[in-house]
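Residue numbers (the working numbering): 1293 to 1525.
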């Protein structure tokens, strides 16, 4: 749904000198199935993930919700399957799985990736990154180092946007109220764009900003970090 994010991840990593491989056989991590009660259907995806990525030095994922799914549930899912080999392979692979900003700040120890993005931006801390993965100020440190950026702190940055996958459908009234608070906070910053580490949050926020005809855009962190002075922005 958001191909530009994947392209941006590749651009940043290659600019930093890394070789990026995209296994063509990869699929959904299984979070959508697992969280909506289709847990039997989710189980085979654990083995498929291991099959596709077992030889990777690092698996970089531009979605903290996907990484949280893997870290929180894959070991338990492998145990439920009861395959001792799979249990061992999951335990061996998971330490090499990183959310995109986490890979840059924790694995590589970077803050400045040579990005340029001359726009007024605010940052939303998505729930899985903040609460499950403990990303902390990592994404903000990367943003602060971007040349040309005017980074504005949003009020209640840690407050959920109200998406939560099917929560937004099953609890639409509560979700909409949470979204209204988040979009008001975005608009109060005067930002041209709102960024985050999860396109799920950004899709939800962008829907409201678009319906209100605010002109404010949402953009994944990777797309900002992929910017360079030669780009037409």
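Where a beta carbon is used, it is the ideal one built from N, C-alpha and C, also for glycine. Keep in mind that this is a model prediction, so the values were computed, not measured.
Proximity below 7 Å, CB of residue i to CB of residue j
i, j, result
"residue 1421", "residue 1356", "yes"
"residue 1452", "residue 1470", "yes"
"residue 1408", "residue 1440", "yes"
"residue 1352", "residue 1395", "yes"
"residue 1338", "residue 1370", "yes"
"residue 1487", "residue 1444", "no"
"residue 1512", "residue 1297", "yes"
"residue 1334", "residue 1322", "yes"
"residue 1518", "residue 1350", "no"
"residue 1342", "residue 1306", "no"
Span of the alpha helix (DSSP H), counted from its first residue to its last, around residue i
i, result
"residue 1297", "1295 to 1307"
"residue 1493", "1491 to 1503"
"residue 1339", "1331 to 1345"
"residue 1476", "1464 to 1480"
"residue 1433", "1430 to 1436"
In DSSP terms, what residue i is bridged to
i, result
"residue 1442", "1412"
"residue 1486", "1414 and 1510"
Segment limits, beta strand (DSSP E) that includes residue i
i, result
"residue 1512", "1509 to 1512"
"residue 1391", "1389 to 1391"
"residue 1352", "1351 to 1353"
Buried or exposed (CB count within 10 angstroms, at least 16 for buried), residue i
i, result
"residue 1461", "exposed"
"residue 1295", "exposed"
"residue 1362", "buried"
"residue 1330", "exposed"
"residue 1458", "exposed"
"residue 1466", "exposed"
"residue 1365", "buried"
"residue 1419", "buried"
"residue 1332", "exposed"
"residue 1358", "buried"
"residue 1354", "buried"
contact_flag[the region 1495 to 1508, the region 1424 to 1437] where n(CB pairs < 8 Å) is 3 or more: Between the region 1495 to 1508 and the region 1424 to 1437 there are fewer than three C-beta pairs closer than 8 Å, too few to call the two in contact.
Validate contact between the region 1397 to 1411 and the region 1473 to 1481 using beta carbons, cut 8 Å, 3 pairs: no
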